[in-house]
Amino acid sequence: MIRGVWQRCCAAAARGRRSLRDYRERSRRFFAASRDQVAAANLRTLWAAAWVLLAYLTGYGIVANLTLRSPVLLACYGAMLLADGGFLLAARRFRRRMPPAKRIQTVCMLFVAAVMVFTIAISVFPFARDPGIFYPLAYMMLSALFTLPYSRLMALMSGVTAVYLTLVQTCRLPEVVVFDRAAGASTWVLGSVFLFLISDLRLRSGEAQLLLEEVSRTDSLTGLPNRRGAEAQMPAGFRRCQKARLPVTAMMVDVDHFKQYNDCLGHQAGDDCLRAMGALLMEFSDRWGLHAARYGGEEFLLLLPGVDGGEAERLAFRLLEEVRQLALPGPDGPVTVSIGAAVRLPEEADTLHELVQRADKALYRAKADGRNRVVVQIWRN
2 MIRGVWQRCC AAAARGRRSL RDYRERSRRF FAASRDQVAA ANLRTLWAAA
52 WVLLAYLTGY GIVANLTLRS PVLLACYGAM LLADGGFLLA ARRFRRRMPP
102 AKRIQTVCML FVAAVMVFTI AISVFPFARD PGIFYPLAYM MLSALFTLPY
152 SRLMALMSGV TAVYLTLVQT CRLPEVVVFD RAAGASTWVL GSVFLFLISD
202 LRLRSGEAQL LLEEVSRTDS LTGLPNRRGA EAQMPAGFRR CQKARLPVTA
252 MMVDVDHFKQ YNDCLGHQAG DDCLRAMGAL LMEFSDRWGL HAARYGGEEF
302 LLLLPGVDGG EAERLAFRLL EEVRQLALPG PDGPVTVSIG AAVRLPEEAD
352 TLHELVQRAD KALYRAKADG RNRVVVQIWR N
């Protein structure tokens with residue numbers, strides 16, 4: 002019996018370790034994928050929390066210092082007021098010009114640490130004979146204020162708890178030490194569980210949101226990004242070329258006579274054709290480090306960062322040949338495509354939208370010239 006109980010305990014411990022590893026991996030993936038979105042949400046929270054704290058420090062602080070008349074309390078409120086003003090200025094600056102996400106997360110951690118230091122100070126020093134009542138409340142509120150990795154936040158709050166218990170043990174009178182010590186320890190235990198539940202809830206919500214965004218930006222037929230996905234992903238590559246003064250190419254690919262294909266062979270066959278084209282373009286883009294998307298109907302868009310006119314023409318003819326080799330059966334022979342490409346060394350005022358428009362015009366020229374061909378346009382001023 003004892004052996005059976007021990008085995009069940011070991012199995013439960015093993016499951017707990019696996020769950021913890023899974024949670025850490027999920028958390029790592031989520032914060033890596035949603036870094037900028039999480040930072041923007043935390044910045045909004047920091048802005049609002051700093052204003053609320055300013056109102057509290059101004060209102061309650063004045064009343065408390067007028068009625069209690071404690072120089073230590075006055076010094077604590079004055080120092081926190083200055084610190085909060087600094088956080089407000091930082092948040093205002095960040096709202097005007099978004100800094101790296103890591104910097105925002107660091108400032109949010111500093112805000113939590115500063116408010117907890119203030120709470121410890123007013124709980125331990127001004128009134129040595131009175132039990133501290135603000136620490137547990139501030140701990141619970143601040144630990145769940147921002148969306149931060151559970152491990153980092155717990156490390157911060159554990160350090161805060163260690164400082165609080167040390168100061169209570171050394172600076173408080175014996176008659177209140179027992180109360181404050183029990184309050185600090187129990188707050189840490191309950192806060193750890195509470196924070197884990199809140200973090201897990203936020204993680205599940207964030208994962209669901211990421212999944213919805215991924216689905217909304219993916220073409221269900223081909224597996225490629227759809228037009229919305231292209232508009233979300235491709236501008237970053239275009240901007241990198243702008244900053245690095247590198248050429249960039251936009252390439253429009255259109256399946257020839259696709260309406261006739263649907264009319265003769267049916268929409269199911271048309272879907273199969275587009276699915277095969279999507280697979281070919283996905284493999285082609287992965288092989289050459291390009292970005293591919295289904296832009297609409299039978300049209301596909303490829304973005305080729307760092308590719309000049311000669312290389313763009315070579316890749317376009319290679320793609321044309323690979324489509325021929327695919328030998329998809331059509332009503333009048335194997336399926337072919339027409340390709341229009343626009344090449345540009347982008348200036349500061351240029352946009353990806355203009356480049357795609359020029360690629361679309363080049364595509365229409367390829368179709369007007371008889372289809373199953375490539376037209377490359379060099380965009381010059």
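Going by this note's numbering, the sequence shown opens with residue 2, and the numbers climb by one from there.
Note that beta-carbon positions come from the ideal geometry of N, C-alpha and C, so glycine has one too.
Just so we're clear, the structure is a prediction, and the values are computed from it rather than from any experiment.
Bridge partners - residue i, DSSP secondary structure assignment
i             : result
aspartate 255 : Glu300 and Ser339
valine 118    : DSSP, once it has assigned bridges, lists no residue as partnering valine 118.
histidine 292 : Leu304
arginine 345  : Val249
glycine 334   : Gly331
proline 101   : Bridge partners of proline 101: none, in fact.
proline 132   : Bridge partners of proline 132: none, in fact.
proline 226   : Thr219
Bounding residues of the beta strand (DSSP E) (the contiguous stretch that carries residue i)
i          : result
valine 376 : 375-379
Classification of residue i by the beta-carbon crowding that lies within 10 angstroms, buried from 16 upward
i                 : result
serine 286        : buried
leucine 353       : buried
alanine 383       : Since the first residue of the chain shown is 2 and the last is 382, residue 383 is not available in this structure.
glycine 311       : exposed
cysteine 11       : exposed
glutamate 215     : exposed
serine 339        : buried
phenylalanine 119 : buried
phenylalanine 135 : exposed
valine 108        : buried
tyrosine 57       : exposed
arginine 19       : exposed
proline 175       : exposed
alanine 209       : exposed
serine 217        : exposed
valine 64         : exposed
For residue i, the first and last residue of its enclosing alpha helix (DSSP H)
i              : result
alanine 80     : 72-97
asparagine 152 : Rather than asparagine, the amino acid found at residue 152 in this sequence is serine. First-last of the alpha helix (DSSP H) with serine 152: 151-172.
threonine 188  : 175-217
serine 35      : Premise fails: serine 35 is in no alpha helix (DSSP H) and is neither H nor E.
leucine 327    : 310-327
serine 144     : 135-144
alanine 360    : 353-369
Residue j beta carbon less than 9 Å from that of residue i
i              : j                 : result
methionine 252 : glycine 341       : yes
tryptophan 289 : valine 344        : no
arginine 372   : histidine 268     : no
alanine 363    : leucine 304       : no
leucine 146    : valine 113        : yes
leucine 321    : threonine 337     : yes
methionine 1   : phenylalanine 195 : Because the chain here runs from 2 to 382, residue 1 falls outside it and cannot be looked at.
leucine 222    : arginine 319      : no
glycine 1      : leucine 55        : The shown model of the chain, from 2 to 382, leaves out residue 1, and the question about it has no answer.
leucine 356    : valine 324        : no
proline 248    : glycine 307       : yes
valine 178     : valine 164        : no
serine 124     : isoleucine 199    : no
alanine 84     : alanine 115       : yes
glutamate 299  : leucine 329       : no
aspartate 333  : glutamine 243     : no
valine 254     : phenylalanine 197 : no
leucine 211    : serine 35         : yes
aspartate 370  : valine 377        : no
tryptophan 52  : leucine 89        : yes
alanine 139    : aspartate 37      : no
Residues near residue i in its chain [Cβ-Cβ closer than 6 Å; skip 5 each side]
i                 : result
phenylalanine 126 : Val73
lysine 368        : Ser339
glycine 331       : Tyr262
glycine 62        : Tyr78
arginine 229      : Arg218
Own chain residues within Cβ distance below 7 Å of residue i, not counting five before or after
i              : result
tryptophan 48  : Ala92 and Arg96
glutamine 1    : An answer regarding residue 1 cannot be provided, because it is not within the stretch 2 to 382 covered by the chain.
serine 28      : Pro150, Tyr151 and Leu204
proline 335    : Arg325, Ala328 and Leu329
threonine 162  : Gly185 and Trp189
aspartate 272  : Leu222
isoleucine 105 : Ala40, Asn43, Leu44 and Phe95
asparagine 66  : Leu74, Leu75 and Tyr78
Own chain partners of residue i with C-beta closer than 8 Å, once the 5 adjacent residues on each side are dropped
i              : result
arginine 153   : Met110
serine 159     : Trp189
methionine 283 : Thr223, Gly224, Leu225 and Ala293
proline 132    : Val177, Phe180, Asp181 and Ala184
threonine 59   : Leu82
alanine 313    : Thr250, Met252, Leu305, Ala342, Val344 and Val377
arginine 246   : Leu346
arginine 130   : Leu174, Glu176 and Val177
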